[in-house]
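Student: The structure follows.
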Amino acid sequence: MPDIVIYAAPQAYAASLGCVLDAYALITEVHQANMSSSAYPWRMVSRTRILTRDGGPVLLAGGRALAADGGISAELDARLIYLAAFHPGIVEDGHACPPFDPGLNDWLRRQRARGAILAGSGASVWPLAKAGLLDGETVAVEPRFAEAFRRAFPRLKIDPLQAMSTAADVMTCASPALEREFVTRAFARAIAPGVGEWLTLRWGEAVEAGIAVPQDPLVQRAQLWIRERYTTNFRIQDLAASLSVSHATLIRRFRQAMGATPRAYAQGLRIQAACMMLRETPRSVSNIAALVGYSDLPTFREVFRAHLGQAPANYRMAVRARRTLVKTPP
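Here my numbering is used: the first residue of the sequence shown is 819, the next is one more, and so on.
Encoded structure:
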């Protein structure tokens, strides 16, 4: 899977970087839990990288320095570029406004042209606008930037009541206080909806991102249990026993909350994981089928087609074709 890249501007907030790093760590945990019990173990090939303008350490808000993994001139294969929130400068008329950086703007346009999802929080929405990547989209802007944004970008659709804009492949967040929810949405869009759901369950927050999170605490616990084992041939009775309920009670409450059985839910997770690997890795269809828990390739193809209406190989080709159509913004 391609990398998760965090761009840290000078005066970046440690909490903003930390949200992304923590989200990735939680994803790694569930991956390791599944792969440790899998007959076909494999390691995650993605990583998180912190980049700065020149590759040197970033001076965080508050004065602490943080080492970076490189600069924006480095070659990247990124699925998500996350621009961490930072403390901006103050312009002469009193309106908060980050400095202009044409090199960063060009880099952002190149990454978007390569198919990366871009997400900016707080002051980091500014370079996305400067790069021309927000044209035609409703933009979530921190209130202290609103007047400066209106003057600099009169054609942008700024909604002062909207805390986040996450419908497009360039996402914006007006409030660093909502960072974990925003990161959850960014991961869901960049990796898979199930990843966002799992982060929501682990962080224990209600995320309004089209992610199905049940109110029933028993079903929430069941989801976490399944997510840690979905690539294995687990038994529903073992799940029921771990929750101290009967098999019938588990099925009834899970179906009421999720509209599906625990087995069907696990099957959906397998297909989501398969889709991610088809999009982001060169692994063969047969290898992917085995990794997500299918020992029989025809069965995997049948289930995949039932979920997505096409064969795995056709899905991969369609994704690649769409990515080649992404054009560099003007």
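Think of the CB as a built atom: it goes at the ideal place given N, C-alpha and C, for glycine as much as any other residue. All values derive from a computational prediction rather than experimental measurement.
Apart from the five residues just before and just after residue 971, which ones in its own chain have a Cβ nearer than 6 Å to its Cβ?
Tutor: Mapped onto the sequence shown, residue 971 falls at position 153. So the list reads 947, once near-sequence residues are dropped.
Student: For residue 950 and residue 1068, I'd like the C-alpha separation in whole angstroms.
Tutor: Here residue 950 is taken as the residue at index 132 of the sequence shown, counted from 1. Here residue 1068 is taken as the residue at index 250 of the sequence shown, counted from 1. In a straight line, the C-alpha of residue 950 is about 50 Å away from that of residue 1068.
Student: Could you check the C-alpha separation between residue 1130 and residue 1001 for me, to the nearest Å?
Tutor: The count along the sequence shown starts at 1 and reaches residue 1130 at position 312. The count along the sequence shown starts at 1 and reaches residue 1001 at position 183. When rounded, the distance between both Cα atoms is 28 Å.
Student: Comparing alpha-carbon positions, which option in 1048, 1056, 1104 lies nearest residue 1082?
Tutor: Numbered from its first residue, the sequence shown carries residue 1082 at position 264. For the residues 1048, 1056, 1104, the minimum Cα distance to residue 1082 belongs to 1048.
Student: Under three-state DSSP, which class holds residue 896?
Tutor: On the sequence shown, position 78 is the one that residue 896 refers to. Assigned with DSSP and collapsed to three states, residue 896 falls in strand.
Student: What is the residue span of the beta strand (DSSP E) that residue 939 lies within?
Tutor: Locating residue 939 in the sequence shown gives position 121, where the first residue counts as 1. Per DSSP, residue 939 belongs to the beta strand (DSSP E) from 935-939.
Student: With 16 as the cutoff for other CB atoms within 10 Å, does residue 821 come out buried or exposed?
Tutor: Against the sequence shown, residue 821 aligns to sequence position 3. Classification of residue 821: buried, given that the 10 Å Cβ count is 16 or more.
Student: Would you report the Cα separation of residue 952 and residue 1122, rounded to the nearest angstrom?
Tutor: Translated into the one-based positions of the sequence shown, residue 952 becomes position 134. Translated into the one-based positions of the sequence shown, residue 1122 becomes position 304. If I take the Cα positions, the gap works out to 35 Å.
Student: Leaving aside the five residues before and after residue 968 along the sequence, list all residues of the same chain whose C-beta is less than 7 Å from its C-beta, in chain order.
Tutor: The residue you call residue 968 lines up with position 150 of the sequence shown. Cβ neighbours of residue 968 beyond the five flanking positions: 976.
Student: Have a look at the DSSP bridge pairing and note the partners of residue 867.
Tutor: Taking the first residue of the sequence shown as 1, we reach residue 867 at position 49. In DSSP, residue 867 forms a bridge with 823.
Student: Rank 997, 1076, 1053 by C-alpha distance to the C-alpha of residue 1034 and give the top, closest one.
Tutor: Taking the first residue of the sequence shown as 1, we reach residue 1034 at position 216. Ranking the options by Cα distance to residue 1034, first place goes to 1076.
Student: Express the C-alpha separation of residue 1060 and residue 939 in angstroms, rounding to a whole number.
Tutor: To locate residue 939, count along the sequence shown from 1; it is residue 121. To locate residue 1060, count along the sequence shown from 1; it is residue 242. Between residue 939 and residue 1060, the C-alpha separation is close to 40 Å.
Student: For residue 841, which residues in the same chain have their Cβ closer than 6 Å to its Cβ, ignoring the five residues on either side in sequence?
Tutor: As a position in the sequence shown, residue 841 is number 23, starting the count at 1. Excluding sequence neighbours, residue 841 sits near 1001, 1005, 1017.
Student: Given a cut-off of 8 Å on the beta-carbon distance, is the pair residue 935 and residue 868 in contact?
Tutor: Here residue 935 refers to the residue found at position 117 of the sequence shown. Here residue 868 refers to the residue found at position 50 of the sequence shown. Cβ atoms of residue 935 and residue 868: not closer than 8 Å.
Student: Could you tell me whether the Cβ atoms of residue 877 and residue 886 are closer together than 8 Å?
Tutor: Numbered from its first residue, the sequence shown carries residue 877 at position 59. Numbered from its first residue, the sequence shown carries residue 886 at position 68. In this structure, residue 877 keeps its C-beta atom at 8 Å or more from the C-beta atom of residue 886.
Student: Which of the three DSSP states is assigned to residue 877 in this structure?
Tutor: For the purposes of this step, residue 877 is taken as the residue at position 59 of the sequence shown. Strand, per DSSP.
Student: Using the DSSP secondary-structure output, state which residues sit across from residue 979 in a beta bridge.
Tutor: Taking the first residue of the sequence shown as 1, we reach residue 979 at position 161. Per DSSP, none; premise fails for residue 979.
Student: Three-state secondary structure (DSSP) at residue 971?
Tutor: Counting from 1 along the sequence shown, the entry for residue 971 is found at position 153. If DSSP states are grouped into helix, strand and coil, residue 971 belongs with coil.
Student: Return the CA-CA distance between residue 828 and residue 1119, expressed in angstroms with no decimal places.
Tutor: Residue 828 sits at position 10 when you count from the first residue of the sequence shown. Residue 1119 sits at position 301 when you count from the first residue of the sequence shown. For residue 828 and residue 1119, the distance between alpha carbons rounds to 48 Å.
Student: Note down the Cα distance separating residue 963 from residue 1094, rounded to an integer number of angstroms.
Tutor: If you number the sequence shown from 1, residue 963 lands on position 145. If you number the sequence shown from 1, residue 1094 lands on position 276. Each residue's alpha carbon lies about 36 Å from the other.
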